[in-house]
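Chemist:
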RNA sequence: GGGCGUGUAGCACAGCUGGAUAAUGCAUCGGCCUCCUAAGCCGAAGAUCGCGGGUUCGAAUCCUGCCACGCCCGCCA
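In this note's numbering, the protein residues as written are 21 to 607.
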């Protein structure tokens, strides 16, 4: 709890000094208490035991006795060798309601470029791909909540084999060809027949079959190879045909993402760095490096083993025919990205770890910084790995429909009074928020198994739980305005009452006091799941407060309780936006 | 074979820059709607923190060996 720590650290240091111990460790040792009933900050006294040749228990007692009084401190206890300090709830309330604490710790607003998703535009989004998009977008939102200036960027893979296959298929196959080839597969979901990503992926899949099994697979492979080659050499006409092939697919994917509240500020095409000469220049620079090597056929690589890379140390950046590789273009892209920001974050699947190492080391070799990377592990289905080929996929579009339908069912039961229209709006918000939250709330590096029952859980521990707490606060605000329309204006900073506060209120104040600490950590360490956990705790605290403190009692408004409720409401709302949960005002 | 990651209650998951009784949700059992939305609240039960060593006043957390699972080790993207 930084707001308390910054206030009383001097006091603790003075007390420790008075015992004759150097207090330089206090800054680090004075830490949040683990259990709420221990207090807000605690100082383990074990490290001082040797120097003072006293028991930690006695040391804690003596520090306690040596501590001066402070308005921020409710009580100090010495327990089992720990010095526990509890913040005074009234002091906390005063600080929080004065409004000058929020984001107080934020001295470092940065310009951050976050690249995420960047999926090949060759088919609809499935849940596996969505982990990247949801994590990335949440990171974008949380950095914005923190006060950073953020650019969310999608790197469009507009050259290379995957797009070439799609372009070739659209050019050379009829709808009948495609459906004939895919006759043994599951037919496309009729609901999405007009959506280009679902449509065109059929062409892509059919072409993949032909490439592998068809009689003309060799000639097809050759044709596609020529397209790839042309694109890698910056052939405008080919690149143009690629674009008309993938753009509608990309648009379809973005439509799906839009439903989840995910949007991008900029799309950067891979081919740009080929056509503008950056890649050629880069390869020239790399060729002059000390660690450059040349293979028999003229291909070039860097020996990154000399820079600490383990395992396979040769990193090829140039083919024998002189063309670039994906990673080479990625390096050119990164060098450009560094001209756009002072903080760079990439969201990548764990399969990209080696490549990220190669790119990072090469950037350092060139005198650039390496980007920060948030890696995530892939989403599996209970039946095993997701695979489009075996039809073992969950499309995001289907998942969102299912989530929406499930939310409608729940609403029919709980709120039969609502109009169909209102229900649809709420169901969409509840469904999409629940899906996002389900994915955000687990650590990115942890394997994630997608389960319908979890994604559609609307109970405690889910997005709807947080949403529900927020709507309670909204409902109270509406009622207060009904009772007294001018109340909001007249009671900006009510006096903090001089009486013992109910448990629920104290819990809520402490949760609110800790918000910035948590957000700072989440943004610094790229761990959105910790913020998801925080919002759950804040919601729980609000619900306890709601239980203990009647804001409206017999038609009268308690100004202090209402102010606390309002602070919780705005904190919840901003936090929900930070996670991409829709802050409904009623549900 | 090498590199990286993961292993915590029946299930899912938090905690991992070492600190006191390992947090939370689901499932299980019990209580709370004549009062601000019960998608809620209160309580019970449930954990040799993968296994073995080590460092330390103190280890889920650090080091090390082993086991299991995932990902990677293309002049593919």
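The beta carbon of each residue, even a glycine, is placed where N, CA and C say it ideally should be.
So residue 185 packs on residue 222, CB below 8 Å; how close in whole Å?
Modeler: Residue 185 to residue 222, Cβ: 13 Å. No contact.
Chemist: List the residues that DSSP assigns as beta-bridge partners of residue 394.
Modeler: Bridge partners of residue 394: 367.
Chemist: Three-state secondary structure (DSSP) at residue 253?
Modeler: The answer is coil: DSSP assigns residue 253 none of H, G, I, E or B.
Chemist: Which residue from 358, 367, 398 and 392 puts its Cα closest to that of residue 386?
Modeler: Ranking 358, 367, 398 and 392 by Cα distance to residue 386 puts 358 first.
Chemist: If you drop the 5 nearest sequence neighbours on each side, which residues of the same chain put their C-beta closer than 6 Å to that of residue 515?
Modeler: Nothing listed; no residue qualifies.
Chemist: Any chance you could list the alpha helix (DSSP H) runs of at least 4 consecutive residues sitting entirely within the segment 305 to 380, in chain order?
Modeler: Runs of the alpha helix (DSSP H) inside the segment 305 to 380: 346 to 358.
Chemist: Note down the Cα distance separating residue 323 from residue 372, rounded to an integer number of angstroms.
Modeler: Cα-Cα distance, rounded: 19 Å.
Chemist: Nearest-angstrom Cα distance between residue 483 and residue 218?
Modeler: Approximately 29 Å between the Cα atoms of the pair.
Chemist: Please classify residue 124 as buried or exposed, where buried requires at least 16 other C-beta atoms within 10 Å of its C-beta.
Modeler: For residue 124, the predicted model reports a pLDDT of 47, less than 50, meaning its position is unreliable and no value from the coordinates is stated.
Chemist: Is there contact between the segment 388 to 402 and the segment 352 to 371, where contact requires at least three CB pairs shorter than 8 Å?
Modeler: Verdict: yes, contact present.
Chemist: Between the segment 575 to 592 and the segment 491 to 500, are three or more C-beta pairs nearer than 8 Å?
Modeler: Yes, they touch.
Chemist: Would residue 50 and residue 39 be called neighbours here (beta carbons separated by less than 8 Å)?
Modeler: The answer is no: Cβ separation not under 8 Å.
Chemist: Suppose contacts are defined by Cβ-Cβ distances below 8 Å. Is residue 176 in contact with residue 287 by that definition?
Modeler: Going by C-beta atoms, residue 176 is nearer than 8 Å to residue 287.
Chemist: Considering Cα atoms alone, identify which of 349, 361, 220 and 241 is closest to residue 133.
Modeler: Checking every option, the nearest Cα to that of residue 133 belongs to 361.
Chemist: Put residue 164 into one of helix, strand or coil per three-state DSSP.
Modeler: Residue state, collapsed to three classes: helix.
Chemist: Along the chain, which unbroken stretches of the alpha helix (DSSP H) at least 4 residues long are found entirely within the segment 153 to 234?
Modeler: Taking only runs of at least 4 residues, the alpha helix (DSSP H) segments lying wholly in the segment 153 to 234 are 181 to 192, 195 to 201 and 216 to 233.
Chemist: Just to confirm, is the Cβ distance from residue 294 to residue 338 under 8 Å?
Modeler: In this structure, residue 338 does not lie closer than 8 Å to residue 294 by Cβ.
Chemist: Between which two residues does the beta strand (DSSP E) containing residue 102 stretch?
Modeler: Start and end: 102 to 107.
Chemist: Thinking residue 425 and residue 378 are a contact (beta carbons under 8 Å), I'd like their distance in whole angstroms, please.
Modeler: Wrong, their Cβ atoms sit about 45 Å apart, outside the cutoff.
Chemist: Which of helix, strand or coil does DSSP assign to residue 79?
Modeler: Note: residue 79 maps to helix in three-state DSSP.
Chemist: Where does the unbroken beta strand (DSSP E) through residue 131 begin, and where does it stop?
Modeler: It spans 131 to 135 - the beta strand (DSSP E) in which residue 131 sits, taken as one unbroken run.
Chemist: Quick check: the segment 243 to 254 against the segment 163 to 183, are there 3 or more CB pairs under 8 Å?
Modeler: Flag = yes, the segment 243 to 254 and the segment 163 to 183 touch.
Chemist: Check whether the segment 302 to 316 touches the segment 258 to 269, counting contact only when three or more Cβ pairs, one atom from each stretch, lie closer than 8 Å.
Modeler: Contact fails: fewer than three Cβ-Cβ distances are below 8 Å.
Chemist: Within 10 Å of its beta-carbon, does residue 274 have 16 or more other beta-carbons around it, so buried, or fewer, so exposed?
Modeler: Residue 274 is buried by the Cβ-count criterion.
Chemist: When the Cα atoms are used, what is the spatial distance from residue 43 to residue 34?
Modeler: When rounded, the distance between both Cα atoms is 8 Å.
Chemist: On the DSSP letters alone, give me the boundaries of the alpha helix (DSSP H) that residue 438 sits inside.
Modeler: No alpha helix (DSSP H) contains residue 438, which DSSP labels as neither H nor E.
Chemist: To the nearest angstrom, how far is it from the Cα of residue 566 to the Cα of residue 104?
Modeler: In a straight line, the C-alpha of residue 566 is about 28 Å away from that of residue 104.
Chemist: Less than 8 Å between the C-beta atoms of residue 417 and residue 212, yes or no?
Modeler: In contact: residue 417 and residue 212 (Cβ atoms closer than 8 Å).
Chemist: Could you pull out every residue in the same chain whose Cβ sits closer than 8 Å to the Cβ of residue 474, ignoring the five residues on either side in sequence?
Modeler: Closer than 8 Å at Cβ, skipping near neighbours: 458.
Chemist: In chain order, what residues of the same chain have a beta carbon less than 6 Å from the beta carbon of residue 451, not counting five sequence neighbours either side?
Modeler: Same-chain partners within the cutoff: 423, 424 and 427.
Chemist: By Cβ distance below 6 Å, which residues in the same chain neighbour residue 344 in space, the five residues on each side in sequence not counted?
Modeler: If we look at residue 344 and ignore the five residues flanking it on each side, its Cβ neighbours are 299.
Chemist: When the Cα atoms are used, what is the spatial distance from residue 29 to residue 46?
Modeler: Their Cα atoms are separated by approximately 8 Å.
Chemist: Answer yes if the segment 202 to 209 comes into contact with the segment 236 to 246, meaning at least three C-beta pairs across the two stretches below 8 Å, and no otherwise.
Modeler: No, the segment 236 to 246 is not in contact with the segment 202 to 209.
Chemist: Is the segment 441 to 451 in contact with the segment 133 to 152, if contact means three or more CB pairs nearer than 8 Å?
Modeler: No, the segment 441 to 451 is not in contact with the segment 133 to 152.
Chemist: With DSSP as the reference, identify every bridge partner of residue 95, one or two as the case may be.
Modeler: Note: residue 95 sits in a beta bridge opposite 106.
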